[in-house]
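**Student:** Residue numbers (the working numbering): 8 to 118.
Here a beta-carbon is modelled for each residue, glycine too, at the ideal position from N, C-alpha and C.
Bear in mind that the values here come from a model prediction, so they are computed numbers and not experimental data.
I'd like to ask some things about the structure below.
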């Protein structure tokens with residue numbers, strides 16, 4: 008059984024098993040989790056802005072900030088190595104700059 012759907016599902020199972028067992032590196036895991044959350048923020052935030060639902064947009068933005076903080080806490084808890092604060096400052100800076108850029112992109116639907 009070598010259909011594209013079967014291959015996709017099999018590959019997804021292998022990837023999730025590796026993720027669950029910690030076979031992916033810390034950077035790969037957290038960047039994938041971050042971009043998944045940022046993608047959801049962009050999709051739902053853009054819809055909220057397009058519909059003029061500013062309270063919902065604020066709630067979604069707050070959720071994204073909390074999600075980002077949880078990821079940063081996860082990086083801190085799971086990082087094994089020297090120069091923890093160097094890694095933390097760079098990671099949090101890149102996450103927050105990307106959040107600002109994604110937020111600006113979602114606001115592009117105002118006009």
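Could you check the C-alpha separation between residue 97 and residue 23 for me, to the nearest Å?
**Tutor:** Your numbering for residue 97 matches position 90 in the chain shown. Your numbering for residue 23 matches position 16 in the chain shown. Going by the C-alpha atoms only, they are around 27 Å apart.
**Student:** Do residue 71 and residue 42 have their CB atoms nearer than 8 Å?
**Tutor:** For the purposes of this step, residue 71 is taken as the residue at position 64 of the chain shown. For the purposes of this step, residue 42 is taken as the residue at position 35 of the chain shown. Against a cut-off of 8 Å, the Cβ pair of residue 42 and residue 71 comes out as no contact.
**Student:** Express the C-alpha separation of residue 37 and residue 56 in angstroms, rounding to a whole number.
**Tutor:** The count along the chain shown starts at 1 and reaches residue 56 at position 49. The count along the chain shown starts at 1 and reaches residue 37 at position 30. Straight-line Cα distance between these residues: approximately 27 Å.
**Student:** Am I right that residue 113 and residue 52 are in contact with their C-beta atoms under 8 Å? What's the rounded C-beta distance?
**Tutor:** Along the chain shown, one-based indexing puts residue 113 at 106. Along the chain shown, one-based indexing puts residue 52 at 45. With 8 Å as the limit, residue 113 and residue 52 qualify as a contact, their Cβ atoms being about 4 Å apart.
**Student:** My understanding is that residue 79 touches residue 99, with C-beta atoms under 8 Å, so please give their C-beta distance in whole angstroms.
**Tutor:** By 1-based counting over the chain shown, the position of residue 79 is 72. By 1-based counting over the chain shown, the position of residue 99 is 92. Right, their Cβ atoms sit about 5 Å apart.
**Student:** Can you give the Cα-Cα distance for residue 73 and residue 15, rounded to whole angstroms?
**Tutor:** Residue 73 sits at position 66 when you count from the first residue of the chain shown. Residue 15 sits at position 8 when you count from the first residue of the chain shown. Here the alpha carbons of residue 15 and residue 73 stand approximately 32 Å from one another.
**Student:** For residue 84 and residue 65, I'd like the C-alpha separation in whole angstroms.
**Tutor:** If you number the chain shown from 1, residue 84 lands on position 77. If you number the chain shown from 1, residue 65 lands on position 58. Cα to Cα, the separation comes out at about 29 Å.
**Student:** Classify residue 59 as helix, strand or coil using the three-state DSSP reduction.
**Tutor:** Here residue 59 corresponds to residue number 52 of the chain shown, with the count starting at 1. In the three-state reduction of the DSSP assignment, residue 59 falls in the coil class, being assigned neither a helical nor a strand state.
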